[in-house]
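K.L.:
Using the working numbering, the letters of the sequence shown correspond one by one to residues 280 to 640. Structure provided below as structure tokens; questions to follow.
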Amino acid sequence: MANNMILEKLLGVKERFEEVGRLITEPDIIADMKKYVRLNKEYKELEPIVEAYKNYKNVISNIDSAREILSSEKDPEMREMAKAELDELTDKLPAMEEEIKMLLLPTDPEDEKNAIVEIRAGTGGDEASIFAGDLFRMYSKYCDDKKWKVEVNTVTEGTVGGYKEIVFTISGAGVYGIMKYESGVHRVQRVPQTETQGRVHTSAATVAVLPEADEFDVEVKQEDIRKDTYCSSGPGGQSVNTTYSAIRLTHIPSGIVVTCQDEKSQLKNLDRAMKELRTRLYNLEYQKYLDEISSKRKTMVSTGDRSAKIRTYNYPQGRVTDHRINLTMYNLESVINGNIQELIDKLQMAENAERLKESNL
């Protein structure tokens, strides 16, 4: 990238950064909480780009100074020092420019949010439920490693183990920006526990990852909600099936229904159910954004049709294949035990490469 082009883009970011810095101190902005939260978020996102601008501008200035010394200085020692500095800074410049290109790429505004994840057993009967349980365990171990918090909202258990459906919230820094790559159909090829002939079967489970909406993202009118309470089911001690702690919320205009059950806290269940309801309503609009992006992007890494087959876990060969980027790895046991970071890193790299092409940076 030509120096003048990158400096021009960075200068525009710096001017916006200073403008936002002024806006968040104005009384009318502070009084409008929704606008204040949005501008504060933008300020924090622009800060590292402005810092990169300062460093980049400093390196460009030092390169110019070193060249000036070489063109005018007669002292051999000074010339040698200037040449060494010029060589070092010139070598440093390409890496800085690549880093800045990535910083200048527009980020998905949802990436920093928590995520609500739902795993549903698909084709394959009991084996699909068992596989859904394997996926939940895989994500739980990954979240433990990332120090993220996992809270189960609702569960429907499979008849021989695993889950027909499980919905849970993951809380932490930048959760959705990482977990969004897991949305889609996951397929498993193995000999099921229920198979007596030793034949390999193919089963599937669907994973949907939604950015958790907060109260500033979507307004839900209480008169549009019907609330029902019922007895919890599943593990949980004496309060299960004896107290009406479980919550079912029905959003009448859209027909969306969410349920949440904890051991005994109705208030906690109601809070989680409201978060999930806001998230599902918000995602009706957010999906339009995903569809627009996916129509332009070939890799479809983190966007588009959530019913698309994205990954196959083949037990007989110990391999994992991600179909979006044609990546095959022979470390299935490690992956199914939560070590999915390498997969996510490669998916992010593929998407960023395509986004760079789109941006013409």
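Ideal placement from N, C-alpha and C gives every residue a C-beta, glycine not left out. Computed from a prediction, not measured in an experiment: that's the story for all the values here.
Is the CB-CB distance between residue 478 and residue 507 below 8 Å?
P.N.:
Result no, Cβ atoms of residue 478 and residue 507 do not sit closer than 8 Å.
K.L.:
So what does residue 466 bridge to, in DSSP terms?
P.N.:
Per DSSP, 483, 591.
K.L.:
Can you check DSSP and say which residues form a bridge with residue 600?
P.N.:
According to DSSP, which records beta bridges pairwise, residue 600 is partnered with 591, 607.
K.L.:
Just list the beta strand (DSSP E) runs in the stretch 401-464, keeping only unbroken ones of 3 residues or longer that don't cross its boundaries, in chain order.
P.N.:
DSSP runs (the beta strand (DSSP E)) wholly in the stretch 401-464: 428-436, 442-450.
K.L.:
Between which two residues does the alpha helix (DSSP H) carrying residue 343 extend?
P.N.:
Here the alpha helix (DSSP H) through residue 343 covers 312-351.
K.L.:
Apply the 10 Å Cβ neighbour rule to residue 448 and answer buried if 16 or more other Cβ atoms are within range, or exposed otherwise.
P.N.:
So residue 448 counts as buried.
K.L.:
Just the Cα atoms here: how many angstroms apart are residue 604 and residue 458?
P.N.:
Cα to Cα, the separation comes out at about 17 Å.
K.L.:
Using a Cβ-Cβ cut-off of 6 Å (strictly less than) and excluding sequence neighbours within five positions of residue 418, which residues of its own chain qualify?
P.N.:
Excluding residues within five positions, none has a Cβ falling inside 6 Å.
K.L.:
Between the stretch 588-596 and the stretch 548-563, do at least 3 Cβ pairs fall closer than 8 Å?
P.N.:
No, they do not touch.
K.L.:
Where does residue 396 land, buried or exposed, given buried means 16+ other C-beta within 10 angstroms?
P.N.:
By the 10 Å Cβ count, residue 396 comes out buried.
K.L.:
Taking the alpha-carbon of residue 535 as reference, which of 615, 547, 599, 499 has the nearest alpha-carbon?
P.N.:
It is 499 whose Cα lies nearest to the Cα of residue 535.
K.L.:
Closest to residue 403 by CA distance: which of 292, 472, 530, 324 is it?
P.N.:
Checked all of 292, 472, 530, 324; the closest Cα to residue 403 is 472.
K.L.:
Which residues does DSSP pair with residue 539 in a beta bridge?
P.N.:
Beta-bridge pairing links residue 539 to 526.
K.L.:
Compare the C-alpha of residue 361 against each of 343, 297, 481, 436 and name the closest.
P.N.:
Closest by alpha carbon: 343.
K.L.:
Would you please state the rounded distance, in angstroms, between the beta carbons of residue 411 and residue 487? I believe it to be under 8 Å.
P.N.:
12 Å between Cβ atoms; not a contact.
K.L.:
Less than 8 Å between the beta carbons of residue 451 and residue 426, yes or no?
P.N.:
The answer is yes: Cβ separation under 8 Å.
K.L.:
In angstroms with no decimal places, state the Cα-to-Cα distance between residue 298 and residue 322.
P.N.:
Each residue's Cα considered, the two are about 9 Å apart.
K.L.:
Let me know the secondary structure DSSP gives residue 490 once reduced to three states.
P.N.:
Reduced to three states, the DSSP call for residue 490 is strand.
K.L.:
From the DSSP output, in three-state form, read off residue 369 for me.
P.N.:
Helix, per DSSP.
K.L.:
Anyone know if the C-beta pair for residue 405 and residue 615 falls short of 8 Å?
P.N.:
No, Cβ-Cβ distance for residue 405 and residue 615 is not below 8 Å.
K.L.:
Report the three-state DSSP secondary structure of residue 619 (helix, strand or coil).
P.N.:
DSSP places residue 619 in coil when its eight states are reduced to three.
K.L.:
With C-beta atoms as the reference, is residue 453 less than 8 Å away from residue 391?
P.N.:
Contact flag set, yes.
K.L.:
Look up residue 394 in the DSSP assignment and give the residues it is bridged to.
P.N.:
DSSP lists 449, 490 as partners of residue 394.
K.L.:
In three-state DSSP terms, what is residue 478?
P.N.:
The answer is coil: DSSP assigns residue 478 none of H, G, I, E or B.
K.L.:
Leaving out five residues before and five after residue 315 in sequence, what residues of the same chain have Cβ atoms less than 8 Å from its Cβ?
P.N.:
Taken in chain order, the residues that qualify are 303, 308, 309.
K.L.:
Inspect the beta-carbon positions of residue 594 and residue 476 and report whether they are closer than 8 Å.
P.N.:
No, Cβ-Cβ distance for residue 594 and residue 476 is not below 8 Å.
K.L.:
With a cut-off of 8 Å on the beta carbons, I'd call residue 325 and residue 296 a contact; round off their distance for me.
P.N.:
Yes, residue 325 and residue 296 are in contact; Cβ-Cβ is about 4 Å, under 8 Å.
K.L.:
Please check the pair residue 480 and residue 474, which I expect to be a contact at CB under 8 Å, by giving their CB distance rounded to whole angstroms.
P.N.:
Right, their Cβ atoms sit about 6 Å apart.
K.L.:
In angstroms, rounded to a whole number, what distance separates the CA positions of residue 369 and residue 606?
P.N.:
C-alpha separation (whole angstroms): 35 Å.
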